[in-house]
Amino acid sequence: MKAYTQLVLLCRPGFEKECAGEIMDHASRLGFVAYIQTSQDSGYVLLIGAGEPNVSELLTQLDFGQLIFTRQWFASLPILDNLPEQNRIAPLIEGIQSLHEKFNSIELAYPDTNDGKSLSRFCKQFEPHLITALKKQKLLSVKSGIRLHLLFLNSQQVYIGTSPITNSAPIAMGIPRLRMPSSAPSRSTLKLDEAIHWFIDDETHYLKNGMTAVDLGAAPGGWSWQLVQRGLLVTAIDNGPMEQQLMKSGMVDHFKTDAFTYRPEKTVDWLVCDMAERPLHVSKLIARWFIRKDCHHAIFNLKLPMKKRYQAVTECLELIQKELNDAGIGHQIQAKHLYHDREEITVCVMSS
Ligand SMILES: C[S@@+](CC[C@H](N)C(=O)[O-])C[C@H]1O[C@@H](n2cnc3c(N)ncnc32)[C@H](O)[C@@H]1O
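The numbering of the sequence shown is our numbering, which starts it at 11 and goes up by one.
This is the structure we're talking about:
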């Protein structure tokens with residue numbers, strides 16, 4: 011355990027401050043002594059341990075699902091510098107052996123920056139060589155609950171570390187590979203697709219044939235399209251036009267009216283909402299839907315302000331939580347800065 015000196019957290023470039031603020035909040039709350047090292051637009055943040063308990067223990071004490079701005083995390087050794095071009099494997103294996111672990115799987119990663127992305131091919135080519143070397147040293151085991159991480163900053167500098175497979179992103183770098191469906195009305199469709207994959211464990215139970223949904227700010231229909239694909243009947247609310255092909259499915263009713271005043275006649279299974287409105291305004295609207303029993307569950311966006319983005323998000327989530335608690339509504343709330351989110355986060359509230 012003690013070999014680890016820091017946590018490495020991956021995030022969208024430009025959101026290092028939010029990622030850092032959030033992990034520091036949790037670390038202090040849980041009694042860890044640590045400080046942040048990062049640079050703007052780097053796509054990653056280091057939380058460096060400065061006392062006991064070892065900072066790596068955060069990986070077991072903090073639920074990864076609680077982190078909004080972190081895409082992936084792992085406990086890491088200090089950076090390994092000056093990897094020789096000709097034989098990178100030897101120093102890497104030496105570093106990996108110092109962890110005294112066996113690994114279930116490996117994740118080779120790079121920051122989500124232009125420089126970082128240029129390492130994609132290098133990582134792909136290097137991975138089989140590393141796997142062969144790990145097998146030779148008997149360092150891979152399907153029984154292990156630990157994933158080995160290598161984050162390359164370039165072909166000579168790398169962070170080596172580990173994460174528990176049950177408390178980290180199950181997909182490499184927390185970035186989903188989603189295909190843009192050719193018949194979907196807008197690229198926004200990928201946001202809801204990613205949100206469903208991220209937030210809902212048992213998709214076939216929670217989104218299925220015959221369920222109902224309201225889509226606020228629906229036009230041209232990318233989010234409605236995702237729901238229709240899963241068999242839901244959708245009421246789309248937007249003054250703008252919906253795409254014709256989607257309307258021909260017969261699964262969507264469209265009302266040109268204001269999303270802030272519309273109410274359904276009966277409780278719907280899902281409310282989804284993708285409007286570029288003030289986040290506090292949207293949060294109050296969502297809370298109202300639950301309090302009036304207009305929906306069971308909701309997925310929605312909160313646009314981020316230019317400044318104090320983490321603080322704004324916290325205020326919104328606390329408001330929703332408080333209003334639902336005051337109304338005695340049991341619920342679970344999850345929020346994530348998804349890969350397809352830019353200046354917004356996505357939130358999922360499920361009532362019990
Ligand atoms: C980002 S677009 C939605 C894209 C849609 N989710 C999709 O996947 O195609 C935002 C939409 O919200 C609508 N909108 C914004 N404020 C609204 C309001 N108060 N009432 C109804 N629609 C609103 C806009 O007309 C716009 O079409």
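The beta carbon of each residue, even a glycine, is placed where N, CA and C say it ideally should be.
TODO: For the stretch 188-239, list the beta strand (DSSP E) runs that are entirely contained and at least 3 residues long, ordered along the chain.
DONE: 222-226
Task: One or two residues paired with Lys313 in a DSSP bridge - done: Glu354
Task: Candidates Ala246, Phe310, His306 and Ile89: closest to Leu327 by CA position - done: Of the candidates Ala246, Phe310, His306 and Ile89, the one whose C-alpha sits nearest the C-alpha of Leu327 is Phe310.
Open item on the list: What I want to know is whether the C-beta of Phe310 ends up closer than 8 Å to one or more non-hydrogen atoms of ligand 1.
Closed with: no
Task: Cα-Cα separation between Ala5 and Val65, rounded to whole angstroms - done: A query on residue 5 cannot be resolved here, the shown segment of the chain reaching from 11 to 362 and no further.
- [ ] Within its chain, find whatever has a CB closer than 6 Å to the CB of Lys201; leave out the 5 residues flanking it on each side and keep chain order.
- [x] His350
Open item on the list: Once the 5 residues before and after Glu253 are set aside, which same chain residues still bring their CB inside 6 Å of it?
Closed with: So the list reads Pro195, Pro230 and Gly231, once near-sequence residues are dropped.
Task: Beta-carbon contacts of Asp125 that lie in its chain and below 6 Å, excluding the five residues immediately before and after - done: none
TODO: Find out if the Cβ-Cβ distance for the pair Ala223, Asp248 is shorter than 9 Å.
DONE: Their beta carbons are not under 9 Å apart, which means Ala223 does not touch Asp248 by this criterion.
Task: Sequence-distant residues of the same chain with beta carbon closer than 8 Å to Leu93, five excluded per side - done: Excluding positions up to five away in sequence, the list reads Pro101, Leu102, Ser165, Gln166, Gln167 and Val168.
TODO: Can you give me the start and stop residues for the beta strand (DSSP E) that Pro174 sits inside?
DONE: Val168 to Pro174
Task: Straight-line gap, Thr324 to Gly59 (C-alpha atoms, nearest Å) - done: 25 Å
Task: Residue environment, Arg157, which counts as buried when at least 16 other CB atoms sit within 10 Å - done: buried
Task: Contact under 9 Å by Cβ, Thr48 with Leu40 - done: no
Task: Simplified DSSP assignment, three categories, for Tyr54 - done: In the structure shown, Tyr54 sits in a strand (DSSP, three-state: E or B).
- [ ] With a cut-off of 8 Å on the beta carbons, I'd call Ala182 and Ala119 a contact; round off their distance for me.
- [x] 6 Å
TODO: Could you spell out where the alpha helix (DSSP H) holding Lys332 opens and where it closes?
DONE: Arg319 to Asp336
TODO: Say whether the stretch 255-264 touches the stretch 278-291, bearing in mind that this needs 3 or more beta-carbon pairs closer than 8 Å, one atom from each stretch.
DONE: no
TODO: For Thr277, count neighbouring Cβ atoms within 10 angstroms of its own Cβ and tell me buried if that reaches 16, exposed if not.
DONE: Around the beta carbon of Thr277, a 10 Å sphere encloses fewer than 16 other beta carbons of the protein chains shown; the residue is thus reported as exposed.
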